[in-house]
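In the UniProt record's numbering, the protein residues as written are 1 to 342.
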Amino acid sequence: MGIRIAMIILQKTIAERAGVSYATVSRAFTNSAKVKPQTMQKIRNAMQELGITDGDDMLLGKGFVSKAVLVIVSDISNYFYSKVVKGICEGLDPLGYTVVLCHCGLDANRELAAMRRAMENGYSGIIMITVTATEEIIQLLQSSSIPIVLVNRYISALDLDTVRIDNYRGGYMAAQYLWERGHRHIAMLTGVKGSGTASDRCRGFSEGLQNYGLSFSGLDMVYGDNTRESGRKFADWLLAQEKPCTAVFVGNDYMAAGMVRRLRDAGRRVPEDYSILCFDDSDLVDEEGLDLTTISCDPVAMGLSAADVFLQRQDNLLGRRFRIVYSPSLKERSSVRNIAEK
């Protein structure tokens, strides 16, 4: 029988004898500060009656914590996410931690269920590369007694450890780069509506254009879901516009790849007909001769940072929160045409 399964059975047995909930016993085994002293005494009494001692492996509030870390991600096939996971594993594997991956799509209920299971089963912590800010998830994050680290995500209402890209800066850089190359009619295909990442990139892009005296209408922006299909649909929208734009800023390279394929099928060329600048820098930028100009940062390094933040938080649950922000960089290739007057 595995350690985790044995611990679940043990904790449920103790809970029944003590007359408390399983969740209460689970909290006692991970962080006794979250459990009232009188309840702790009930649990200790129950353990004594069952012949269980709080020895080296199961000292209440200090000893047994499963060396498992839950990593929640919406799409493991996504290059950026998979590289972040790689960094997390590189940071935790040498220390004996097991990374448990939850592929949840964009399903908040699956996120919530996975988080609850991790907390109930004595996981050491949770690293979230995807987080949907529903009321239930926010409440669970607020009440968590184990370390929670968000990667390239944040929830403004919560004080949590975060490791992220400066997405505002990335959006601003995109506006500056396209403006300097003469583009004045620019559209944007961004990520999931409501995402802090997409919101920050949009805000940076919009304010960047405004700084150069160019207004950016919401009519020029379309929300996608970070998939190739989003890019294909956006290309159809683009081709239907009466006044075609000269450049597009795309939220990730998967959407950019889908968009380019559809434009080519329609007889359009990149960058002669449409210039494209996108976020992320995966193998896709070299596929099918895309050669996309990109804005990105190192996702493996971000994963390593997330692992390090988790480890430091374990040692100091009440310490000051970490806010690690990576500055993006621009990698110039051949997908943006310079149409500025010379």
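Note that the Cβ used here is the ideal one computed from N, Cα and C, for glycine as well.
Taking the alpha-carbon positions, what's the residue i to residue j distance?
i	j	result
VAL163	VAL84	11 Å
ALA235	GLU120	46 Å
GLY19	GLN11	12 Å
THR13	LEU141	27 Å
PHE205	ALA175	5 Å
ARG153	GLU111	14 Å
ARG323	THR197	15 Å
TYR123	SER195	27 Å
TYR97	GLN312	14 Å
ALA15	MET40	11 Å
VAL69	SER275	42 Å
SER26	CYS278	45 Å
ARG262	ARG203	27 Å
GLN48	CYS297	54 Å
CYS102	VAL149	15 Å
TYR81	ASP161	18 Å
LYS67	VAL100	10 Å
LEU59	ILE137	Unreliable positioning characterises LEU59 in this predicted model, as indicated by a pLDDT of 38, which lies under 50. The coordinate reading is nonetheless provided below. So the two alpha carbons sit approximately 30 Å from each other.
GLU207	GLY258	27 Å
ASN109	ARG116	11 Å
VAL250	ARG321	32 Å
THR294	VAL192	19 Å
MET302	LYS86	10 Å
LEU290	GLU180	22 Å
ARG269	SER199	29 Å
VAL248	ASP280	15 Å
GLU135	VAL151	20 Å
residue 348	THR24	Residue 348 falls outside the range modelled here, since the chain spans only 1 to 342, and no answer is possible.
ARG44	ARG17	10 Å
GLY267	PRO244	15 Å
ASP273	LEU284	21 Å
Assign residue i to one of two classes, buried (16 or more other C-beta atoms within 10 Å of its C-beta) or exposed (fewer than that).
i	result
residue 357	Since the first and last residues shown for the chain are 1 and 342, residue 357 lies out of range.
HIS183	buried
residue 368	Because the chain here runs from 1 to 342, residue 368 falls outside it and cannot be looked at.
ALA340	exposed
PRO299	buried
SER21	exposed
LYS42	buried
ALA113	exposed
VAL325	exposed
ARG201	buried
SER215	exposed
GLY224	buried
LEU95	exposed
ALA28	buried
ALA46	buried
LYS62	Confidence is the limiting factor: at LYS62 the pLDDT is only 44, short of 50, which leaves the residue's position unreliable and the question unanswerable from this model.
SER282	buried
PRO271	buried
SER335	buried
Which whole-angstrom value is the C-beta distance of residue i and residue j, which I expect to be below 8 Å?
i	j	result
LEU106	SER74	5 Å
PRO328	ILE129	Not a contact, Cβ separation roughly 17 Å.
ARG333	LEU292	6 Å
ILE72	CYS104	6 Å
residue 346	ALA133	A query on residue 346 cannot be resolved here, the shown segment of the chain reaching from 1 to 342 and no further.
PHE177	LEU330	Per the sequence presented here, residue 177 reads as Tyr, with Phe not at that position. TYR177 to LEU330, Cβ: 6 Å. Contact.
MET221	THR190	6 Å
Open item on the list: Count Cβ pairs between the stretch 196 to 212 and the stretch 236 to 244 that sit closer than 8 Å; are there 3 or more?
Closed with: no
Open item on the list: Three or more C-beta pairs under 8 Å: does that hold for the stretch 82 to 98 against the stretch 304 to 314?
Closed with: yes
- [ ] Spell out a yes or no on whether the stretch 169 to 184 and the stretch 312 to 323 are touching, meaning 3 or more CB-CB pairs, one atom from each, closer than 8 Å.
- [x] no
TODO: May I ask you to verify whether the stretch 222 to 230 touches the stretch 254 to 274, counting CB pairs closer than 8 Å and requiring at least 3?
DONE: yes
Open item on the list: Whether or not the stretch 150 to 163 and the stretch 186 to 194 are in contact is what I'm after, with contact meaning three or more pairs of Cβ atoms, one per stretch, closer than 8 Å; do they touch?
Closed with: no
- [ ] Starting from the N-terminal side, write out each stretch of the alpha helix (DSSP H) that is 4 residues or longer and does not extend beyond the stretch 192 to 217.
- [x] 196 to 211
Task: Sequence ranges, alpha helix (DSSP H) only - wholly within the stretch 216 to 276, length at least 4 - done: 228 to 239, 253 to 265
- [ ] Taking only runs that begin and end inside the stretch 113 to 179, name each unbroken beta strand (DSSP E) of 3 or more residues, in chain order.
- [x] 123 to 128, 148 to 151, 161 to 165
TODO: Ignoring anything shorter than 3 residues or poking outside the UniProt domain "HTH lacI-type" (12 to 51), list the beta strand (DSSP E) runs there in chain order.
DONE: none
Task: Every unbroken alpha helix (DSSP H) inside the stretch 62 to 104 [4 residues or more] - done: 79 to 92
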